[in-house]
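Everything in the sequence shown is counted per the numbering used here, starting at -19 for the first residue and increasing by one.
Cβ coordinates follow ideal geometry from the N, Cα and C atoms, glycine included.
Accompanying notes for the structure given below.
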Amino acid sequence: MQRKITLSLKGELVTAQNAAAALKQKLATLELENQRQASQIQSLTEELSQTKSELCQVTEERERTVNSMQDKVGEVERLRSELLHTGEKYIACEERAGKIKDTAKKGMVHLSRGHAYFSFFFVYESLKTTFDELKLRFDVSQDHLQRTKDEIELLKSTSERQIKLVESHLDESGRYLHKSAETRDLISELQQDRTSSQQVNDILREKLHTLSAQLVESKQKIAELELRQLEEGARWSRRGETWQNLQCKIEELADKLAKREGEAFEGLIESANLSTALNEAIEKHVLLLCSQIRP
C-alpha cells in the first residue's frame, strides 16, 4: 500500500515538476514580451519627446518668424513712408529745378554776364547737388525696399512651410496635437498591456510559488515515506533475524530433545533388560530355595 502511495506521489511530483518547468518557460516568455513592450514604450516615449521638442522648436521658429515679419512689415511701412516722402521731395525738387531751369534760360536770354549770373549759377548748382543727393537716396531706398520685399517673401514661404508642419500635427479642428494624441493613446495602450502582462506574471509567479511549495511538501512526504520504509525494512530485517535465531534455537532444542528421548529410550530398554534379568534371578533363587526346603 505504501509503495503505491509512493509511486503516486512520485507521479504527482513529476507532474508538478513539468508544470513548474512549463510555468517557468511561460514566465520567461512573458518577461521577454514585457521587456519588448517596455523597449517599445521607451522608443515611443522618446519619439513623443522628440516630436514635442520639434514642435516647440517649430512653434518658437514660427513666433520668431511672425515677430520678424511684423518687424519687417513695420520697416517696410517706414521705408514706404520715407520713400513716399522722398518721392514727394523728388517731385518737388524736379518741379523746382524745372522752374529754376526755365528761369535760368530766361535770365540767360535777358541778362548779361555779371554778378547776377554767377549768383543764379551758384543757386542752380546748389539745387542740382541737392537734387542728385535726393535721387541717390531715392535709388538706395528703392534697392532697400526691393531687398526687404525679397526677405518678406522668403519669410512668408518659410512661415507657410512651418505652419504646414505645425498643422500636420493638429487635428481637423486645429486645436489638438493629432499625432501626439495617437502616440499617447498607443503608449497608454502599451502600458495597459504591460500592466496586464505584469498581473499575469504575478499570477503565474504565485502559482509557481504554490507549486514549488507543493513540490517541496511532496518531496518531504516522499522522504518521510522512504525513511518509514527503511525503518520498516530494518524492523522486518531484525524480526527475520530474530525468527531465524528462534528457528535455530528450536532446531537445537529439538535435536537435544530427540537426543534425550533416545537416551531415555535406551535407559528404558536397559531398565527393562535389568528388570527381566532381576526377575529371572529372583525366580532362580526362589526355585533354589524351594529345592533346598524339600526333603
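Inspect the beta-carbon positions of LEU7 and ARG185 and report whether they are closer than 8 Å.
In contact: LEU7 and ARG185 (Cβ atoms closer than 8 Å).
Rounded to whole angstroms, what's the CA-CA distance from LEU267 to LEU258? Just pull it up for me.
So the two alpha carbons sit approximately 14 Å from each other.
Label ARG93 either buried or exposed according to how many other C-beta atoms from any shown protein chain fall within 10 Å of its C-beta, with 16 as the threshold for buried.
Unreliable placement is indicated for ARG93, whose pLDDT of 48 sits below 50; the coordinate value is still reported in the next sentence. When all chains shown are included, ARG93 counts as exposed.
I'd like to confirm something about GLU186: is its beta-carbon nearer than 7 Å to some heavy atom of the ligand ADP, or not?
As presented, the structure is devoid of all ligands, the ligand ADP included, so that no description of it is given.
To the nearest angstrom, how far is the alpha carbon of ALA1 from that of GLN20?
Their Cα atoms are separated by approximately 28 Å.
Alpha carbon to alpha carbon, what distance is there between ARG127 and ASN14?
ASN14 and ARG127: Cα-Cα distance of roughly 59 Å.
At the level of alpha carbons, what is the spacing between GLU206 and ARG218?
So the alpha carbons of these two residues sit roughly 18 Å apart.
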